[in-house]
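Inspection log for the structure reproduced underneath, given as structure tokens.
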Amino acid sequence: MSLNHDLSDLFKTFAAVMEIKGESVFKAIAFTKVARVLNDMTFDIRTAVEQGTLDGIEGIGKSSRAIIEEFVRTGKSRDFEEVAATVPKGLIPMLDIPGLGPKTIALLWRERNITSVEELTKAIADGRLAGLKGVGDKKIEQISQGISLREQAGKRSGIGEAQLVAHAFLARIRALPGVAQADLAGSLRRRKETIGDLDIVASVTNLQAMESISQAFTRLDGVARVLGQGLTKASILTERNLQIDLRIVPHNHFGAAIQYFTGSKEHNVKLRGLALAKGLTLNEWGLYKAKEYEQAKKETGQPPELEPCASKTEADIYRALGLEYIEPELREDRGEIEAAAEGKLPVLITRADIRGDLHTHTTASDGVNTIAEMAEAAKRLGYKFLAITDHSKSQVVANGLTADRLLNHVEAIHKAAVNIEGIRLLAGCEVDILADGSLDFDESILKELDFVVASPHVALRQDREKATARIVRAIESRYVNVIGHPTGRLINQREGLPLDFSRIFAVAAATGTALEINSGYPRLDLTDTVARAAVEAGCVLSINTDAHSAEQLDGIFYGIQVARRAWVSPKDVINCMTTAQLDKFIKRKR
DNA sequence: GCCGTTTTCGGCCCGACTGTTTTCAGTCG
347 MSLNHDLSDL
357 FKTFAAVMEI
367 KGESVFKAIA
377 FTKVARVLND
387 MTFDIRTAVE
397 QGTLDGIEGI
407 GKSSRAIIEE
417 FVRTGKSRDF
427 EEVAATVPKG
437 LIPMLDIPGL
447 GPKTIALLWR
457 ERNITSVEEL
467 TKAIADGRLA
477 GLKGVGDKKI
487 EQISQGISLR
497 EQAGKRSGIG
507 EAQLVAHAFL
517 ARIRALPGVA
527 QADLAGSLRR
537 RKETIGDLDI
547 VASVTNLQAM
557 ESISQAFTRL
567 DGVARVLGQG
577 LTKASILTER
587 NLQIDLRIVP
597 HNHFGAAIQY
607 FTGSKEHNVK
617 LRGLALAKGL
627 TLNEWGLYKA
637 KEYEQAKKET
647 GQPPELEPCA
657 SKTEADIYRA
667 LGLEYIEPEL
677 REDRGEIEAA
687 AEGKLPVLIT
697 RADIRGDLHT
707 HTTASDGVNT
717 IAEMAEAAKR
727 LGYKFLAITD
737 HSKSQVVANG
747 LTADRLLNHV
757 EAIHKAAVNI
767 EGIRLLAGCE
777 VDILADGSLD
787 FDESILKELD
797 FVVASPHVAL
807 RQDREKATAR
817 IVRAIESRYV
827 NVIGHPTGRL
837 INQREGLPLD
847 FSRIFAVAAA
857 TGTALEINSG
867 YPRLDLTDTV
877 ARAAVEAGCV
887 LSINTDAHSA
897 EQLDGIFYGI
907 QVARRAWVSP
917 KDVINCMTTA
927 QLDKFIKRKR
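For reference, each letter of the first sequence is one residue, going 347 to 936 in the numbering used here.
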């Protein structure tokens, strides 16, 4: 898929160059969107070009299509190279410095011949920025801090880490005097797998309290630095360099504010475009009649003196725009607004739909709880079935089971099942998919199992062709029910296998093999966009915890969130089947 | 550059905060 990413990067850079050159911002926005669409794509762009299916994709117009086609054919774009040559390469990374934007970068380049972050650092030290119009001492200090911030920060936090910090701060904010309600917004509320910064919205019933809350927030425990603080808004950095933005609004505007702050930006842009087309205008204060809003009295930090069409709840806003309510996980501008307009949003899966976990470990391999303990924990979660799937022999570090040990373990599981009522125990195994796609046990062993998860653990740097053939071969085994964490990726740590998903989906759908959304953080594998494409291609999914302890069974929550972002309904997931349906699902393949 | 149930031309989301300004530009989300 690297071609998609290469092209996405090209459009991103193209947009950056246009910003610095001061061309129409709309051109840059358009190319930024093309970059996003390419990045989200789960099919190979080369195939789309060859099959001529590039036409129908929203956001990719005539010019972009020409660039894509040329790049697929020749590996480059003359248009891009021509434009890029007019701007020094070193200016592009300067855009990542917080507080420094395209206008100032262009100014530094033209007036001081600064063409890289390194030169900028030196120029600041030498005092060469003095006398630049619009750049004072404070601005220079801000840029200087921005440079060091960029070096430390870099990566987005994984949802697992961000969540802990978010809940700690949310609790502290809720405890501040005058706060009526406070909730998470931003990408964490949308349950994105990585989080850039945390957004929290608080409401007040007494407007006088707003500023004192804003101030108190910047003095909370765990605040390392204050980035900005106004009447209704404040930003801080935590000790771990995570940025938190707090927005404070009057209580009857809470819905509008949390809608606005939840984003995504792209979702909101489209929503406001829709509002405009209906003669309305949408902002963080509410949804208003556009003409009235224009004439209304407005003051910074205060709602306009005007009755909104909607503002109290998010549901009110979506309804007033003629849309079904859109769950936060869907708000990415991936077709949800169009679907909501037609009343065709999916019924999203919830925790209550899950009837069992199909990928778990015990003390037999590298888990910490026994069969009975895992079964009791599953029962407490209300589950009707549980597959015990300890590691196979190649996973030596994980105490993987040899054939003999596995057969004994199967017997032990069946024996344990006799003593445990109300839950069906499946004796399974997480069998390694070896580098060539063969399985760690042969069929004489596999046929003794009730359930098989096959997963790749090693050789995760294979090329696309090899990796795809490997997983396809595993799917074709009649005993394999689920492909566990199909790519092996780890958030912020490991890319995983570069699979050709359209081939994987075709074989998985044809054979009745489920693809896993592994709920273990930082796996979360498959990802949201891939899982969605899988379902659209006719595949079924399995959401499992890969729990190595009874406690970890609770982690199913992460996988469900990925599934919700993937537009997944209960009917798409084998964990939502009744036990009888699950038996049928397993039998059908054998 | 992209797009079209008010448009094939003329729009394109919107407000808060900061800094350098005496009325606004740049940046951010």
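We put the CB at the ideal spot given by N, CA and C, even for glycine.
Everything numeric in this text was worked out from a predicted model, so none of it was measured.
Exposure of residue i, with buried meaning 16 or more beta-carbon neighbours within 10 Å
i      : result
Asp736 : buried
Val371 : exposed
Glu682 : buried
His803 : buried
Glu457 : exposed
Arg934 : exposed
Val826 : buried
Ala603 : buried
Gln605 : buried
Arg563 : The sequence given here has Phe at residue 563, not Arg. By the neighbour-count rule (16 or more Cβ atoms within 10 Å), Phe563 is buried.
His894 : buried
His705 : buried
Gln561 : exposed
Leu622 : exposed
Gln907 : buried
Ser503 : buried
Val742 : exposed
Asp788 : exposed
His707 : buried
CB-CB length for residue i against residue j, believed under 8 Å
i      : j      : result
Asp703 : Ala721 : In fact, because the Cβ distance is near 11 Å, the residues do not count as touching under 8 Å.
Val572 : Ile582 : 5 Å
Gly830 : Glu862 : 5 Å
Asp529 : Val547 : 6 Å
Lys408 : Ala381 : With a Cβ gap of about 17 Å, Lys408 and Ala381 do not count as contacting.
Ile791 : Ala749 : 5 Å
Gly619 : Ser657 : About 19 Å; that fails the 8 Å criterion.
Leu795 : Val756 : 7 Å
Ile837 : Leu870 : 6 Å
Thr873 : Glu507 : Contact flag wrong, Cβ pair sits at about 18 Å.
Assigned secondary structure, residue i (DSSP; H/G/I helix, E/B strand, else coil)
i      : result
Cys775 : strand
Tyr639 : helix
Lys616 : helix
Tyr606 : helix
Val433 : coil
Phe797 : strand
Phe731 : strand
Leu652 : coil
Ala381 : helix
Gly513 : The amino acid at residue 513 is misidentified as Gly; the sequence shows His. DSSP places His513 in helix when its eight states are reduced to three.
His599 : helix
Ile546 : strand
Glu814 : For the sequence presented, residue 814 should be read as Thr rather than Glu. Helix, per DSSP.
Gln575 : strand
Ser462 : coil
Gly504 : strand
Ser657 : coil
Ile441 : Looking at the sequence provided, one finds Leu at residue 441 rather than Ile. Coil.
Arg770 : strand
Asp871 : strand
Val714 : coil
Asp401 : coil
Ser740 : coil
Ala893 : strand
Val919 : strand
Continuous beta strand (DSSP E) stretch holding residue i: start and end
i      : result
Lys579 : 579-584
Asn890 : 887-890
His351 : No beta strand (DSSP E) contains His351, which is instead part of the alpha helix (DSSP H) from 348-367.
Pro596 : 589-596
Leu628 : 626-629
Start-to-end residues for the alpha helix (DSSP H) that takes in residue i
i      : result
Asp874 : 874-882
Asn765 : 749-765
Gln527 : It is not in any alpha helix (DSSP H) - Gln527 instead sits in the beta strand (DSSP E) that spans 527-531.
Thr925 : 925-935
Arg565 : Segment: none, Arg565 is in no alpha helix (DSSP H) and carries neither H nor E.
Phe787 : No alpha helix (DSSP H) holds Phe787; DSSP gives it neither H nor E.
Glu416 : 408-420
Ala909 : 902-911
May I have a chain-ordered list of the alpha helix (DSSP H) segments no shorter than 4 residues that lie completely inside the segment 824-868? 847-857
Mind pulling the alpha helix (DSSP H) runs of 4 or more residues that sit fully within the segment 666-710? 682-687
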